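Scroll down for the structure; my scribbles are underneath it.
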Amino acid sequence: MSSSKKSTGKQLQDKLTFSFPSIAMKDPDRVREAFAFCEPYKAFLNNAKTERECVSEAVRQLEEAGYQVFDPAAGYKAGDKVYMNNRGKAVIAATFGKKPLTEGIRMNAAHIDCPRLDLKPTPLYEKNDIAYFKTHYYGGIRKYQWATIPLSLHGVVYKKNGDAVTIRIGDDPEDPVFYISDLLPHLAATQNTRKLGEGIKGEELNIVVGALPYPDEDIKEPVKLMALSLMHDKYGITEADFYRAELELVAAGTARDVGFDRSLIAATGHDDRVCAYPALRAEIDTKKPAHTTVTVLTDKEEIGSVGNTGLNSDYVRHFIEYLAENAGVNYKDVVKNSLCLSSDVSAAFDPTFPDVYEPGNSCYLGKGCVLTKYTGARGKSGSSDASAETMYKVIHTMEKAGVYWQAGELGKVDEGGGGTVAQFVAHLNIDVVDLGVPVMSMHAPMEIVSKLDVYEAYQAFKAFYK
Ligand code: MN
Ligand code: MN
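Now the structure itself:
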């Protein structure tokens, strides 16, 4: 219907009211672009399932794109690209801008650690002729979701002589996988009376690693010995080496398209690789930015950004200090004029469980990246709560670039909540707001995102760096 035929009320409504559009309804070409963008995203998901693997893959892509290891003593000019690897578990990449550093940097921070099951320091034991690993879960998980699914094992083990052994087993279709058992329904009458949160308890997240004995009648715990013997054959490690290890279990297998229309992707650890990948791509694709870009792929967000590879440490601050010293300017003048996107996921509205969402302030699959003014719980506690000025800058950038975005909040007030790295960026005296991708079944072994939203995150990040 042409506007001339619209009633005055309808015209006024068009002028005064606002709602976020469905991308597919409005812009079919954009859907095709999004599908193409997500093919390499799926490959990234498959190659990089842990923070260490994400750093290796990011460094590979950065070096391929001409990035050099950052040298605080070197001289840099606009367009130069550098990176800094923080202990193999976090990475910072930067492209020098045309403007002086005192006009601020444009920073994008996403995290590359995901909820998972870590091995305990003494993991291996045998019980009733089965060998197991004990685990301690990492991040917020719903424990019952992790039983009876195939799991893969990833990480690094240091041997006594200092040699590092990289372990990655369970994702190749030829590999064995690992498994947590649950009761059969026939015998679950008592377990069924447990609350859902205790359906599987922490000490029941035990990983089956073998069921054959070492063939020697004189041996106590022969199944444990058999497992150790096979690990020794394959990796050259012994039981004592587990004390010098970081080993993580995640859902086995590859990222898969979901639905007849293939518009969604199911994968382990979208949170937050679904922001880390577009952030990395935007960083690499930015050639001569106005402001210097600083892309941070950080660790430890899921357990509170702790540790020296998490954002509640000074490693990013030190990098910016190096940039300032290198340019002969005051660090404080750099940060106070800087702007950061804290790129993290939000909870997509789930029509099967509508009660925990406030529909007018939720994000939806297929409506674009989600701008979240504040996160937190119990009255915004633990959030950074971006200013109207910061909201203006980021929304203006997205509108100018034609990015499809939506505003969101993490569920109903007082239903729960969560935090991001935004508060730690704000602590540096940098303006910051959360911008990310809606995720359904967040923190489950397999999560779902819309390809359309992943692409809009990339578009937003690219426009932010322009
Ligand atoms: Mn996250
Ligand atoms: Mn998370």
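In this text, residue positions in the sequence shown follow numbering that gives the first Met the number 0: the first is 0, and each later residue adds one.
Ideal Cβ positions, reconstructed from N, Cα and C, are used throughout, including at glycine.
Computed from a predicted structure; not experimentally measured.
Using DSSP with H/G/I as helix, E/B as strand and the rest coil, what is residue i?
i: HIS317; result: helix
i: VAL207; result: strand
i: THR7; result: helix
i: THR192; result: helix
i: CYS113; result: coil
i: PRO277; result: helix
i: SER312; result: coil
i: THR121; result: strand
i: PRO358; result: helix
i: LEU434; result: strand
i: ARG141; result: coil
i: ALA42; result: helix
i: ASN107; result: strand
i: ASN127; result: coil
i: LYS80; result: strand
i: ASN336; result: coil
i: HIS231; result: helix
i: PHE132; result: strand
i: ILE199; result: coil
i: THR147; result: coil
i: THR389; result: helix
i: SER21; result: coil
i: LEU186; result: helix
i: SER55; result: helix
Quick one: Cα of residue i to Cα of residue j, how far?
i: GLY309; j: ASN85; result: 10 Å
i: ASP181; j: ALA254; result: 25 Å
i: PHE34; j: GLU238; result: 46 Å
i: PHE19; j: MET397; result: 13 Å
i: PRO120; j: ASP240; result: 10 Å
i: ALA467; j: GLY359; result: Nothing about residue 467 can be reported from this structure: the residues present for the chain run from 0 to 465 only.
i: ALA77; j: TYR454; result: 27 Å
i: ARG377; j: LYS5; result: 45 Å
i: ALA266; j: GLU247; result: 16 Å
i: GLU197; j: TYR321; result: 48 Å
i: ILE405; j: LYS366; result: With the sequence shown as reference, residue 405 is identified as Gln, and Ile is not the correct amino acid for it. Answer to the nearest angstrom: the Cα atoms are 7 Å apart.
i: GLU52; j: MET445; result: 18 Å
i: TYR178; j: GLN144; result: 12 Å
i: VAL30; j: GLY235; result: 49 Å
i: GLU301; j: MET230; result: 30 Å
i: ILE199; j: LEU116; result: 13 Å
i: TYR373; j: GLY303; result: 17 Å
i: GLU216; j: VAL156; result: 31 Å
i: ALA163; j: GLU245; result: 11 Å
i: GLU102; j: THR291; result: 9 Å
i: ARG243; j: LYS98; result: 46 Å
i: LEU118; j: ASP271; result: 22 Å
i: SER382; j: ASP232; result: 49 Å
i: ALA23; j: ALA57; result: 31 Å
i: ALA387; j: MET106; result: 19 Å
i: ARG261; j: GLY74; result: 47 Å
Rounded to the nearest angstrom, how far is the Cβ of residue i from that of residue j, given a contact under 8 Å?
i: ILE140; j: HIS442; result: 6 Å
i: GLY375; j: GLY418; result: 6 Å
i: PRO114; j: GLY138; result: 3 Å
i: ILE299; j: ASP433; result: Rather than Ile, the amino acid found at residue 299 in this sequence is Lys. Between ASP433 and LYS299 the Cβ distance is about 17 Å, and since that is not below 8 Å, they are no contact.
i: LYS223; j: GLU125; result: 4 Å
i: CYS368; j: GLY435; result: 7 Å
i: ALA400; j: ALA347; result: At roughly 23 Å, the Cβ-Cβ gap does not stay under 8 Å, so ALA400 and ALA347 are not in contact.
i: VAL448; j: VAL293; result: Not a contact, Cβ separation roughly 25 Å.
i: LEU296; j: VAL424; result: Not really, about 14 Å apart at Cβ, beyond 8 Å.
i: ASN311; j: PRO71; result: Their Cβ separation, rounded to whole angstroms, is 23 Å, which puts ASN311 and PRO71 out of contact at 8 Å.
Assign residue i to buried or exposed, taking buried as 16 or more other Cβ atoms, counted over all protein chains shown, within 10 Å of its Cβ.
i: SER337; result: buried
i: VAL412; result: exposed
i: ASN191; result: exposed
i: VAL333; result: buried
i: ASN205; result: buried
i: GLY209; result: buried
i: LEU279; result: buried
i: LEU211; result: exposed
i: TYR356; result: buried
i: HIS395; result: exposed
i: MET0; result: The predicted model places MET0 with a pLDDT of 47, which falls under 50 and marks its position as unreliable; any figure quoted below should be read in that light. Label assigned to MET0: exposed.
i: HIS135; result: exposed
i: ALA281; result: buried
i: ILE283; result: buried
i: ILE166; result: buried
i: GLY268; result: buried
i: PHE69; result: buried
i: LEU340; result: buried
Between residue i and chain D, is the shortest Cβ-Cβ distance under 8 Å, so that the two count as touching?
i: GLY198; result: The structure shown contains no chain D; it holds only a single protein chain.
Closer than 6 Å to ligand 2: residues, by C-beta to nearest heavy atom, in chain order: ASP270, GLU301 and HIS442
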